[in-house]
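Step one of this worksheet: look at the structure below.
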Amino acid sequence: MFRETVTHAGGDSKGTARESHALMLLRRARNSGYAMEATITGGASIRWTRVDHSTRTLVARAIALDPETPVGDLDDTTRAHLALIDLGDARYLVRADGRAITTADGEIGALAAARLRARRLVAVDDRGRVRLTMAARLGLLAHDHRQAGGGTDGFAMCSCGFTVHGPTGEAADEILRNHRQTVTARFVDSITAAYAAAISTTR
Ligand SMILES: [Zn+2]
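Numbering-wise (this note's numbering), the sequence shown opens with residue 3 and increments by one.
Structure (structure tokens):
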């Protein structure tokens, strides 16, 4: 579940959004060519401008999606577990020490599995199938594309290795922001029909 904040002419409206609604907003934004960026907490921000017909000026609009449970620190072990689950065919199974997650390429022990669930990084359907939540996927994406250096002298670097040289630090930061928006748009494009169907059945 996400907290949804919509910025419009009258100010901000706040509500909640299920994963399926968050995905619909991201897909709609993608189709409209709006700028969007995954956030390190596992959310996303969507920004666009529209013409206000009464004043004939461009006005800024935004939607912020923030997970009710921020994804927190995605350390190496957590990321390795999430990558295993993301391979597909992950199942939640009863073991002697509790419920473990089996994957196509190894098992995640009961303690770690319980932690992934408590942190809302994975969701389990009524048939025991395990998937990453939208928040986990957005958080991983943002983690892979953090500002990793520079920001001065026209140089900026992304943690994925993408480096930028611009005339100024601000210009370089802007190019880096465009890069993060591009990878977020690609992420939205990469979401499969099967994943969309899986989140639409989660309450
Ligand atoms: Zn990057």
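Glycine residues also receive a C-beta, built at the ideal position from the N, C-alpha and C atoms.
Legend entry - Opening and closing residue of the beta strand (DSSP E) in which L76 lies: Going by DSSP, L76 is part of no beta strand (DSSP E) at all; its letter is neither H nor E.
Inset, instruction - With a threshold of 7 Å, establish whether the CB of F164 neighbours any heavy atom of ligand 1. - result: For F164, the Cβ falls inside the 7 Å cut-off from some heavy atom of ligand 1.
Legend entry - Buried/exposed call for G45, threshold 16 Cβ in 10 Å: Burial call: buried.
Inset, instruction - Measure the CB-CB distance between Q183 and E21 and report whether it falls below 8 Å. - result: No, the pair does not count as a contact, with Cβ atoms beyond the cut-off.
Legend entry - Every unbroken alpha helix (DSSP H) within the region 87-158, with a cutoff of 4 residues, ordered by chain: 112-120 and 136-146
Inset, instruction - Please work out which residues of its chain come closer than 6 Å, Cβ to Cβ, to H147, disregarding the five sequence neighbours upstream and downstream, and give them in chain order. - result: C160, C162, R182 and V185
Inset, instruction - Quickly, what does DSSP pair S15 with across the bridge? List them, please. - result: Answer is V8, bridged to S15.
Inset, instruction - Could you check what DSSP says for I193 in three-state terms: helix, strand or coil? - result: coil
Inset, instruction - Figure out for me which residue from S192, A125 and G171 has the closest Cα to the Cα of I201. - result: A125
Inset, instruction - Return yes when at least one heavy atom of ligand 1 lies under 7 Å from the C-beta of H181, else no. - result: In this structure, ligand 1 has a non-hydrogen atom nearer than 7 Å to the beta-carbon of H181.
Legend entry - Cβ-heavy atom distance, V185 to ligand 1, below 7 Å: yes
Legend entry - Rounded distance between the beta-carbons of L84 and L134, thought under 8 Å: 6 Å
Inset, instruction - Count the CB pairs spanning the region 5-17 and the region 56-69 that are closer than 8 Å, and state whether there are at least three. - result: yes
Inset, instruction - Look up R58 in the DSSP assignment and say whether it is helix, strand or coil. - result: coil
Inset, instruction - Run the proximity test for H147: is its beta-carbon closer than 7 Å to any non-hydrogen atom belonging to ligand 1? - result: yes
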